[in-house]
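In the numbering used here, the protein residues as written are 3 to 840.
A virtual CB, placed ideally from N, CA and C, is assigned to each residue, including glycine.
Quick caveat, the model's predicted, so the values are computed rather than measured.
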């Protein structure tokens, strides 16, 4: 067996750290695929090649009364050292000293007088989605999933142990879909050619991404496994919670084929009756694997979410809603399990007082190797029964890591974005007349002379507008009416773009054609009415010019309005295409498309010809700096409100994150510019080093507060306020000290200093922003991606019996680069739980 693999090697020096999430190279390279799936995923059905059938789970021994074991991991293919450790666990027999006692050093790779309880390797390994990052394509799967798994297998084989071939099953999640399931197909589905002479190896170099010790037998991205003792495992391919009709029909056929024959499964009018029939016949002992958790962050699921509809459509109780309080009918037993969130959480069903047994559990188990998500994010609607890492450890780890500017720097190209913003902002407030005149942060005599021969003087002259302003009257306040109109119309279009699908859904509920026609008129009427003021602006003869910067802003806003109109046209076109499957299109229905598209062209043309009076160089630079400042202000505020405050529904909470984003954007723009404008070189250096040092010191202080009391929400809220106050004090201090100085003349060294300061301070302020947001239960995902920690990973080894399912959650606090007798790992028994059937 060992000779068979002598030609294979594992180069651990090539093990890569977790991928860079903060605008890292791999993320930027994959953005086109991510955007393609985001915008076109609902148009493409990646499941057309699939033929679904139930699979009987294999058993390596013939004693049907013995417990049945299988393994579960999710969110793999990222930090290769962490994946290697998880892979080693998945391919090894394990022993524990006491299966009811959790803690460190409670798991061993071999038996002795202490470790006597045997946890044999699972009969199969199930991967719960997001197999590799950023995109689960062939290259990423080969590098970040196959390589560490095969390294682990080689180490086990060369230690004198054998590895039997076991099936590998899985479902896809969003990162698998970014490759439109091509990589998933190659990783999990049965190869066309199968090497029966070498079943263990099965040619891992083939395009099918074979793994040592695993066999691929799957044929679909969704799967039903018939397990011993009449248990079932369903792996749902329902990314974003939505399930297609083909998949629903398959799962229903596994337990209620008679209903399919009646033809009422998809009858909307009999939806309630169908759900009732399904619920009465659904499997009584069931494991449901989904791409996203049903319960996470101490928050009940949204009753209007797609995952609720999916469970109902399969006849499954929605026990993860607040109204259900986690209860499942006593005659049923179910485990909901998923990854997506990269730590471990467990929530109970009925038996809230019994922390070890219930007939229902919702489990989050995304610790297969991807970057760690903070586990102390808690919405406090429902208490978790188990959590790994513990809240205090999570807070300490993440606060220290994200308040280390070097860690942020190495995590991607955040520094480059900050450097460009600072560079362009300093250039804008010193060189071009149109933007310098807005703020006049320095006297005109300190700017480069128009008559000089230097490159800066030539650039200043090229971006000067004084000659144009001398020939025409300037800056009549009437142009603010144009600004107000285009802003209000753009906001309306954004709202209408969001609201239109629901508007037409309501219009189509009625069987009367006149109700649909009325809906079309109500859809287009506000757009036509909003177009009328533009006619006034077109006919308005004005002999003066708008301020050059305002003119550029107006051109940009009118172009944005055109894009919104085209987007609205596409949205309406999608609705018509969907409706055309049952109704014939009419000229009346096509009329709004003509109105919207023609209006879009008019808005673009009006913006260019009305306001494009200044030179091309002036307009182009103003357009550029407008985009930069909008993204650096409104963009960061929107990021804070809608990404930072993602878990919150209340407007007050989102507004709080908006204020955090506003302070962040202020610091990112103002601090580097003020330092370059008003301080000498020594002061600039001292302030930068002090800010860097204070940030590192804050990471040490706030990551190790006094935990004499439990780390609960009250403690976390107190720390959040302290972090916010410290951040505000640091930022204000830097601004006041730098603005206290005297303006310094513009030079090339000052311009490049703005770039360098933007690079440093972007990492400093972004770290503070993440730390404060995380303490307020926001930006969990971004904080995890920024920290890029390989600590605290886990897998679950399940023991299946006639009336119960026991999960042994096994992991490690820190991974090791190579597992051997001389370098034994310190595996931890994280949690043990049982769901029991009646």
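Grouping DSSP H, G and I as helix and E and B as strand, with all else coil, what is residue i?
{"i": "residue 200", "result": "Unreliable positioning characterises residue 200 in this predicted model, as indicated by a pLDDT of 46, which lies under 50. The coordinate reading is nonetheless provided below. Residue 200 falls in the coil class under three-state DSSP."}
{"i": "residue 206", "result": "Residue placement at residue 206 is flagged as unreliable, the pLDDT there being 48, under the threshold of 50; a coordinate-derived value is accordingly withheld."}
{"i": "residue 330", "result": "coil"}
{"i": "residue 360", "result": "strand"}
{"i": "residue 811", "result": "strand"}
{"i": "residue 743", "result": "coil"}
{"i": "residue 70", "result": "strand"}
{"i": "residue 320", "result": "coil"}
{"i": "residue 761", "result": "helix"}
{"i": "residue 116", "result": "coil"}
{"i": "residue 663", "result": "helix"}
{"i": "residue 145", "result": "helix"}
{"i": "residue 726", "result": "helix"}
{"i": "residue 591", "result": "helix"}
{"i": "residue 12", "result": "coil"}
{"i": "residue 268", "result": "coil"}
{"i": "residue 767", "result": "helix"}
In or out: residue i buried (at least 16 other Cβ within 10 Å) or exposed?
{"i": "residue 683", "result": "exposed"}
{"i": "residue 546", "result": "exposed"}
{"i": "residue 120", "result": "exposed"}
{"i": "residue 681", "result": "buried"}
{"i": "residue 804", "result": "exposed"}
{"i": "residue 608", "result": "buried"}
{"i": "residue 65", "result": "exposed"}
{"i": "residue 653", "result": "exposed"}
{"i": "residue 819", "result": "exposed"}
{"i": "residue 500", "result": "exposed"}
{"i": "residue 265", "result": "exposed"}
{"i": "residue 204", "result": "Residue confidence for residue 204 is low, a pLDDT of 49 falling below 50, so the modelled location carries little weight; the figure read from the coordinates is stated next. Counting Cβ neighbours within 10 Å, residue 204 comes out buried, since at least 16 surround it."}
{"i": "residue 702", "result": "exposed"}
Under 9 Å between the Cβ atoms of residue i and residue j?
{"i": "residue 573", "j": "residue 502", "result": "yes"}
{"i": "residue 133", "j": "residue 174", "result": "yes"}
{"i": "residue 187", "j": "residue 715", "result": "no"}
{"i": "residue 670", "j": "residue 532", "result": "no"}
{"i": "residue 384", "j": "residue 366", "result": "no"}
{"i": "residue 375", "j": "residue 782", "result": "yes"}
{"i": "residue 835", "j": "residue 813", "result": "no"}
{"i": "residue 223", "j": "residue 295", "result": "no"}
{"i": "residue 506", "j": "residue 483", "result": "no"}
{"i": "residue 180", "j": "residue 137", "result": "yes"}
{"i": "residue 293", "j": "residue 216", "result": "no"}
{"i": "residue 830", "j": "residue 124", "result": "no"}
{"i": "residue 757", "j": "residue 728", "result": "no"}
{"i": "residue 19", "j": "residue 87", "result": "no"}
{"i": "residue 761", "j": "residue 421", "result": "yes"}
{"i": "residue 290", "j": "residue 261", "result": "no"}
{"i": "residue 662", "j": "residue 748", "result": "no"}
{"i": "residue 229", "j": "residue 128", "result": "no"}
{"i": "residue 272", "j": "residue 839", "result": "no"}
Is residue i close to the ligand GTP? I mean its beta-carbon at under 8 Å from any heavy atom of the ligand.
{"i": "residue 663", "result": "Annotation note on the ligand GTP: not contained in the displayed structure, which lists no ligands."}
From this set, the options, which residue's C-alpha is nearest residue i's C-alpha?
{"i": "residue 837", "options": "351, 89, 246", "result": "351"}
{"i": "residue 876", "options": "161, 297, 612, 276", "result": "No statement about residue 876 is possible, as the shown extent of the chain runs from 3 to 840 and does not include it."}
{"i": "residue 439", "options": "542, 541, 550", "result": "550"}
{"i": "residue 491", "options": "760, 171, 605", "result": "605"}
{"i": "residue 401", "options": "423, 419, 377", "result": "377"}
{"i": "residue 664", "options": "89, 640, 387, 738", "result": "640"}
{"i": "residue 113", "options": "719, 489, 99, 557", "result": "99"}
{"i": "residue 672", "options": "631, 660, 108", "result": "631"}
{"i": "residue 824", "options": "126, 157, 233, 143", "result": "157"}
{"i": "residue 489", "options": "329, 635, 557", "result": "557"}
{"i": "residue 380", "options": "83, 297, 286", "result": "297"}
{"i": "residue 618", "options": "779, 646, 659, 465", "result": "465"}
{"i": "residue 696", "options": "731, 722, 723", "result": "731"}
{"i": "residue 677", "options": "386, 184, 427", "result": "427"}
What are the partner residues of residue i, as DSSP defines its beta bridges?
{"i": "residue 349", "result": "364"}
{"i": "residue 75", "result": "129"}
{"i": "residue 800", "result": "72, 809"}
{"i": "residue 292", "result": "340"}
{"i": "residue 217", "result": "169"}
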